[in-house]
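Letter by letter, the sequence shown follows residues 295 to 507 in this note's numbering. Heads up, the beta-carbon is just placed ideally off N, CA and C, and yes, glycines get one too. It should be emphasised that the depicted structure is a prediction, and the values quoted were computed from it without experimental measurement. Have a look at the structure below before the remarks.
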Amino acid sequence: LLLLLAAVGTFLSVGLKLPYFVFFGKDCGLKPKEPPKNMLWAMGIAAFLCFIIGVYPKALYVLLPYKEAALEFHPYNMPHLSETMQILLFTGLVFFLLLKRLQPEGKINLDFDWFYRNILNAFMWFDQKIIQSIDVAWGNVYKSFGIKILMMSVARFFAWFDKWAIDGVVDNVAYGTRWIGDKARRVQTGNLQNYLAMAILIIFVIVGVHWFF
């Protein structure tokens, strides 16, 4: 029943009212331009699909969930044709009887987009008045105090790093070099007899290691 009422409403609005007032309505002096090519292609493809489905409805029926039952439906038998003709004829009769009441009027018709347009407008107002104000205030506070605190923290970190990391490494290297130099200075006595004794000792150690291992 709902599909039947939807079919009647569609035929009344698109099949009768729209063509009648487009071709036989009052001339408003408008000179509309030719639709763009993408719209022409879309209308042509839709018309072609409607023609194919009308001539060969099984192409649509095989896509339905219960295609076995759909394939047993014959849209062009006499009962269906008779029912469809009655619906169309009585819809046309009602249209011509109520023709004066169906005259189009120049007014603003509210559509469903009214809801989400107003919701979006409210969201934009909230974003601009509340969120943006909070963001600007927070940005000013951050510029006044946050950057200073951040720069001081960074400066303290680099001071600590310079003192304990860089200076520590450099100083320890210097201390180690001085310690090694001091030890080397003590070993190097400048006495030739000590050097010869050390060389002989090293030779005996090498020969002993080579002999036993």
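Check, Outcome
"Just checking W408 against the ligand COA - is the residue's beta carbon closer than 7 Å to any of the ligand's heavy atoms?", "Among the components of this structure there are no ligands whatsoever, and the ligand COA is therefore not found."
"What residue range does the alpha helix (DSSP H) around H368 cover?", "Per DSSP, H368 belongs to no alpha helix (DSSP H) and is neither H nor E."
"Does the beta-carbon distance from P398 to F315 come in below 8 Å?", "yes"
"State the DSSP-derived secondary structure class of K423, mapped to helix, strand or coil.", "helix"
"Under DSSP, the alpha helix (DSSP H) around P313 begins and ends at which residues?", "L312 to F317"
"Closer than 6 Å by C-beta to T385: which residues in its own chain qualify, once you throw out the five before and the five after it? Chain order, please.", "V302, F305 and L306"
"Thinking just about the alpha-carbon of each residue, which of K361, L382 and N371 is nearest to the one in L310?", "L382"
"Using the C-alpha atoms, what's the distance from P330 back to K394?", "34 Å"
"Counting pairs of beta carbons, one from the region 338-355 and one from the region 365-377, are three or more of them closer than 8 Å?", "yes"
"Is G400 helix, strand or coil by DSSP?", "coil"
"Closest by CA to L297, which one among V388, I500 and T378?", "T378"
"Alpha helix (DSSP H) containing Y355: first to last residue?", "K352 to Y355"
"With C-beta atoms as the reference, is L396 less than 8 Å away from F406?", "no"
"For the alpha helix (DSSP H) that L334 lies in, which residues bound it at each end?", "K331 to V349"
"Return the CA-CA distance between L357 and F317, expressed in angstroms with no decimal places.", "37 Å"
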